[in-house]
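What follows is one structure encoded as structure tokens, with my remarks underneath.
2 protein chains.
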Amino acid sequence: MSVITVGTMAFDAIETPFDKVDRIVGGSATYVAYAAANFVTPVQQISIIGYDFPEEEIAELRSRGVELDGVEVVADKKSFFWSGKYHNDMNSRDTLITDLNVLEDFNPIVPDSYQGAEFLMLGNLMPKLQLSVINQLKVRPKLIVMDTMNFWMDIALEDLKEVLKKVDVLLVNDGEARQLSGEVSLVKAARKILTMGPKFLIIKKGEHGALLFNENHVFFAPALPLEEVFDPTGAGDTFAGGFIGYLSSQKRVSPLEIRRAMVAGTVLASFNCEEFSVKGTTSLTSRKINKRCAEFYDYAKIPKLGV
Amino acid sequence: MSVITVGTMAFDAIETPFDKVDRIVGGSATYVAYAAANFVTPVQQISIIGYDFPEEEIAELRSRGVELDGVEVVADKKSFFWSGKYHNDMNSRDTLITDLNVLEDFNPIVPDSYQGAEFLMLGNLMPKLQLSVINQLKVRPKLIVMDTMNFWMDIALEDLKEVLKKVDVLLVNDGEARQLSGEVSLVKAARKILTMGPKFLIIKKGEHGALLFNENHVFFAPALPLEEVFDPTGAGDTFAGGFIGYLSSQKRVSPLEIRRAMVAGTVLASFNCEEFSVKGTTSLTSRKINKRCAEFYDYAKIPKLGV
Chain Z
1 MSVITVGTMA FDAIETPFDK VDRIVGGSAT YVAYAAANFV TPVQQISIIG YDFPEEEIAE
61 LRSRGVELDG VEVVADKKSF FWSGKYHNDM NSRDTLITDL NVLEDFNPIV PDSYQGAEFL
121 MLGNLMPKLQ LSVINQLKVR PKLIVMDTMN FWMDIALEDL KEVLKKVDVL LVNDGEARQL
181 SGEVSLVKAA RKILTMGPKF LIIKKGEHGA LLFNENHVFF APALPLEEVF DPTGAGDTFA
241 GGFIGYLSSQ KRVSPLEIRR AMVAGTVLAS FNCEEFSVKG TTSLTSRKIN KRCAEFYDYA
301 KIPKLGV
Chain X
308 MSVITVGTMA FDAIETPFDK VDRIVGGSAT YVAYAAANFV TPVQQISIIG YDFPEEEIAE
368 LRSRGVELDG VEVVADKKSF FWSGKYHNDM NSRDTLITDL NVLEDFNPIV PDSYQGAEFL
428 MLGNLMPKLQ LSVINQLKVR PKLIVMDTMN FWMDIALEDL KEVLKKVDVL LVNDGEARQL
488 SGEVSLVKAA RKILTMGPKF LIIKKGEHGA LLFNENHVFF APALPLEEVF DPTGAGDTFA
548 GGFIGYLSSQ KRVSPLEIRR AMVAGTVLAS FNCEEFSVKG TTSLTSRKIN KRCAEFYDYA
608 KIPKLGV
């Protein structure tokens with residue numbers, strides 16, 4: 001099985017109440033790729049970078065099983081740059097700087113070598129670009145997962161709705177689910193969004209876990225309780241990477257496997273929050289992941305009671 | 308088995324974004340008693356009411372198996388009155404009025420007929436009164452659960468710490484856990500609070516569920532997703548009532564049974580949020596509770612994955 005991931009590869013500068021870093025590796029596709037590669041290879045990356053993206057990171061991605069044929073390198077421009085500052089609760093942040101740089105020219109091209117991939121992860125990007133990737137695929141993947149954000153709901157809602165018609169799973173946060181549906185109740189919001197195209201809706205609530213809606217079912221995966229949340233940047237993308245990576249490693253896509261994939265995403269995201277940049281998921285082993293999974297079960301396994 | 312509950316029986320006036328009611332029956336002990344009575348009887352109530360507390364409510368409580376020998380009736384004073392207004396998100400509220408009335412004279416007396424009760428639920432009250440109830444019991448109950456609030460941490464912290472030394476389970480919300488411990492991280496807060504006396508700490512997070520800490524274990528019970536949260540007043544007390552009621556109906560108190568009791572509390576609290584006042588839990592049947600439990604498992608049961 002292989003999975004195509006589309007999104008940004010970038011530099012971030014991050015300030016938390018505890019620390020501050022300048023120009024560390026980030027970007028949605030970077031987080032997704034490292035997380036997914038823990039479950040499946042190859043991960044086939046589609047992105048764009050400038051002359052300044054580190055050689056060592058490219059080498060590291062390759063060593064983890066990430067193919068980069070679909071990553072355009074622009075020789076005379078810088079990579080996408082984002083800078084943000086977290087509030088004291090680590091749950092909210094302000095964006096300080098967004099330098100699009102190479103991202104202004106991004107026109108994702110699916111390499112021939114990626115054709116036939118069975119899974120597609122569309123990272124948060126301009127909806128037209130997400131649609132272009134879907135349209136370039138000669139065989140429709142078994143599963144298409146889409147991330148997006150409120151920004152595109154504000155400025156490109158009709159395009160976004162076109163993409164929605166073509167995807168299987170939509171990933172948004174609670175505020176975005178409310179905005180997209182016009183409903184305050186998440187249960188009602190989900191019901192409406194599930195009429196727009198996706199068969200599954202995942203609503204991410206950060207430290208408050210993630211909800212999965214499909215048909216009349218709701219499933220909840222809580223976030224793991226961490227002693228310290230060091231840096232939550234990329235947690236949503238890491239969740240997405242763990243989610244689609246796990247699914248890609250399985251024989252079938254079923255509602256049960258999708259629930260399991262929520263667990264995989266949750267566990268990977270917990271590692272991400274413990275380190276700056278992608279460091280939380282680049283040196284994981286099956287042993288470490290299994291150990292964290294066991295902790296997760298002890299934490300979240302609901303015992304039955306007979307009343 | 309029997310359970311003693313101590314707390315207020317009151318009138319509430321509540322305004323939500325959807326509706327407004329004046330002088331409906333409320334009070335921590337009322338919510339606790341109705342919830343607990345779904346699992347165990349008798350529930351032995353200790354409280355104080357004025358001349359205005361409705362006869363019909365007294366009759367209704369009795370019919371559900373609640374004993375009222377420990378409820379003092381003050382002939383020339385009104386019952387405790389609280390009024391609050393919920394914000395649009397239904398997660399936060401402002402207190403508009405607090406008329407203590409009879410509560411100013413509350414001096415809880417344990418009737419002889421309550422002696423020997425194996426479970427004690429100390430509702431949120433002045434810590435000195437909670438301590439007085441513990442000290443009146445000739446045989447120490449098998450399990451003492453204590454609720455409290457930030458108000459007592461502000462004005463009676465030393466008394467509160469005395470009570471803490473004598474209880475098995477403490478129930479607080481996340482802000483109160485942080486205030487009591489001086490730690491921002493809930494994991495660190497719990498570790499500190501567990502050195503103050505209780506063997507179990509439950510941190511209630513409203514719509515974001517509840518955490519249980521004991522020794523090195525953490526367990527999480529998510530709140531059920533409701534289509535509409537009609538009125539969350541009393542949800543915490545209903546959780547407490549379901550929690551101690553379920554435990555009282557079991558042969559043993561063990562960490563596993565305490566996890567199950569969290570599920571019972573969660574399920575009862577979900578009913579509470581669907582109606583004003585105590586109406587959500589006064590007409591429940593085992594059948595309704597079991598049906599909601601089954602929904603809860605479908606929602607929160609974590610599937611295992613092999614990585």
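As given, the protein sequences belong to chains Z and X, one line each in that order. All residue numbers for the first sequence refer to the working numbering, where the first residue is 1 and numbers rise by one. All residue numbers for the second sequence refer to the working numbering, where the first residue is 308 and numbers rise by one. Think of the CB as a built atom: it goes at the ideal place given N, C-alpha and C, for glycine as much as any other residue.
So, at 8 Å on beta carbons, what are the nonlocal neighbours of residue i in its own chain, with the 5 sequence-adjacent residues on each side left out?
| i | result |
| --- | --- |
| Glu-269 of chain X | This structure does not reach residue 269 of chain X, given that chain X is present from 308 up to 614, and the question cannot be answered. |
| Val-381 of chain X | Ile-355, Ile-356, Gly-357, Tyr-358, Val-409 and Asp-412 |
| Leu-438 of chain X | Asp-466, Glu-469, Val-470 and Lys-473 |
| Phe-318 of chain Z | What is shown of chain Z runs 1 to 307, which leaves residue 318 of chain Z out entirely. |
| Gly-308 of chain Z | Since the displayed chain Z opens at 1 and closes at 307, residue 308 of chain Z lies outside it and no answer follows. |
Could you check whether the Cβ of residue i sits closer than 8 Å to any Cβ belonging to chain X?
| i | result |
| --- | --- |
| Phe-276 of chain Z | no |
| Lys-204 of chain Z | no |
| Val-3 of chain Z | no |
| Ala-264 of chain Z | yes |
| Leu-100 of chain Z | no |
| Leu-256 of chain Z | yes |
| Leu-305 of chain Z | yes |
On the DSSP bridge list, what partners appear for residue i?
| i | result |
| --- | --- |
| Gln-351 of chain X | X:Ile-311 and X:Glu-374 |
| Lys-204 of chain Z | Z:Asn-173 and Z:Ala-210 |
| Lys-20 of chain Z | Z:Glu-15 |
| Trp-82 of chain Z | Z:Asp-12 and Z:Thr-98 |
| Met-121 of chain Z | Z:Thr-5 and Z:Val-145 |
| Ile-356 of chain X | X:Val-380 |
| His-87 of chain Z | None, per the DSSP bridge assignment. |
| Val-218 of chain Z | Z:Phe-213 |
| Gly-245 of chain Z | In DSSP, Gly-245 of chain Z forms no bridge with anything. |
| Gly-333 of chain X | X:Ala-317 |
| Arg-400 of chain X | X:Tyr-393 |
Rounded to whole angstroms, how far is the Cβ of residue i from the Cβ of residue j, which I believe are closer than 8 Å?
| i | j | result |
| --- | --- | --- |
| Ala-496 of chain X | Arg-485 of chain X | 6 Å |
| Thr-545 of chain X | Ala-576 of chain X | 5 Å |
| Ala-571 of chain X | Phe-550 of chain X | 6 Å |
| Asn-38 of chain Z | Gly-245 of chain Z | 6 Å |
| Ile-203 of chain Z | Val-169 of chain Z | Not confirmed; about 12 Å, so no contact. |
| Leu-122 of chain Z | Met-146 of chain Z | 5 Å |
| Lys-337 of chain Z | Ile-609 of chain X | Residue 337 of chain Z cannot be examined here, being either before or after the span of chain Z that is shown, 1 to 307. |
Leaving out the 5 sequence neighbours to the left and right, which residues in its chain are closer than 6 Å to residue i when beta-carbon positions are compared?
| i | result |
| --- | --- |
| Trp-152 of chain Z | Pro-127 and Leu-160 |
| Asp-298 of chain Z | none |
| Thr-266 of chain Z | Ala-221 |
| Gln-136 of chain Z | Val-110 |
| Thr-95 of chain Z | Gly-84 |
| Lys-78 of chain Z | Gly-50, Asp-52 and Asn-101 |
| Ile-46 of chain Z | Val-6, Gly-70 and Pro-108 |
| Glu-57 of chain Z | Val-25 |
For residue i and chain Z, any beta-carbon pair shorter than 8 Å?
| i | result |
| --- | --- |
| Ile-609 of chain X | yes |
| Val-560 of chain X | no |
| Ala-576 of chain X | no |
| Val-452 of chain X | no |
| Leu-554 of chain X | no |
| Arg-566 of chain X | yes |
| Leu-670 of chain X | Any answer about residue 670 of chain X is impossible in this case: the structure gives chain X only from 308 up to 614. |
| Leu-436 of chain X | no |
| Leu-625 of chain X | Residue 625 of chain X is absent from the model: chain X starts at 308 and stops at 614. |
| Ile-444 of chain X | Going by the sequence as given, residue 444 of chain X is Leu instead of Ile. No, because no Cβ of chain Z sits closer than 8 Å to the Cβ of Leu-444 of chain X. |
Leaving out the 5 sequence neighbours to the left and right, which residues in its chain are closer than 7 Å to residue i when beta-carbon positions are compared?
| i | result |
| --- | --- |
| Asp-22 of chain Z | Ala-13 |
| Arg-259 of chain Z | Leu-212 and Phe-219 |
| Lys-192 of chain Z | Ser-181 and Glu-183 |
| Ile-289 of chain Z | Asn-38 and Val-267 |
| Leu-591 of chain X | Asn-345 and Phe-578 |
- Task: Could you please tell me which residues of the region 368 to 401 of chain X, in chain order, have their CB closer than 7 Å to any CB of chain Z?
- Result: none
- Task: Quick one: which residues of the region 588 to 607 of chain X get their C-beta closer than 8 Å to a C-beta of chain Z? List them in chain order.
- Result: Ser-593, Ile-596, Asn-597, Cys-600, Phe-603, Tyr-604, Asp-605, Tyr-606 and Ala-607
- Any residues in the region 165 to 181 of chain Z with a beta carbon nearer than 9 Å to a beta carbon of chain X? Which ones, in chain order? none
- Query: Given a limit of 8 Å on CB to CB distance, which residues of the region 208 to 222 of chain Z reach chain X?
  - Reply: His-208, Gly-209, Leu-211, His-217, Val-218, Phe-219, Phe-220, Ala-221 and Pro-222
- Which residues, taken in chain order from the region 226 to 237 of chain Z, show a beta carbon closer than 9 Å to some beta carbon of chain X? Leu-226, Glu-227, Glu-228 and Val-229
- Mind listing which residues of the region 31 to 58 of chain Z have their C-beta closer than 9 Å to chain X's C-betas, in chain order? Asn-38 and Phe-39
- Query: What residues in the region 490 to 510 of chain X have a beta carbon less than 7 Å from any beta carbon of chain Z?
  - Reply: Ser-492, Leu-493, Val-494 and Lys-495
- Interface positions of the region 415 to 434 of chain X facing chain Z (Cβ-Cβ less than 7 Å), listed along the chain: none
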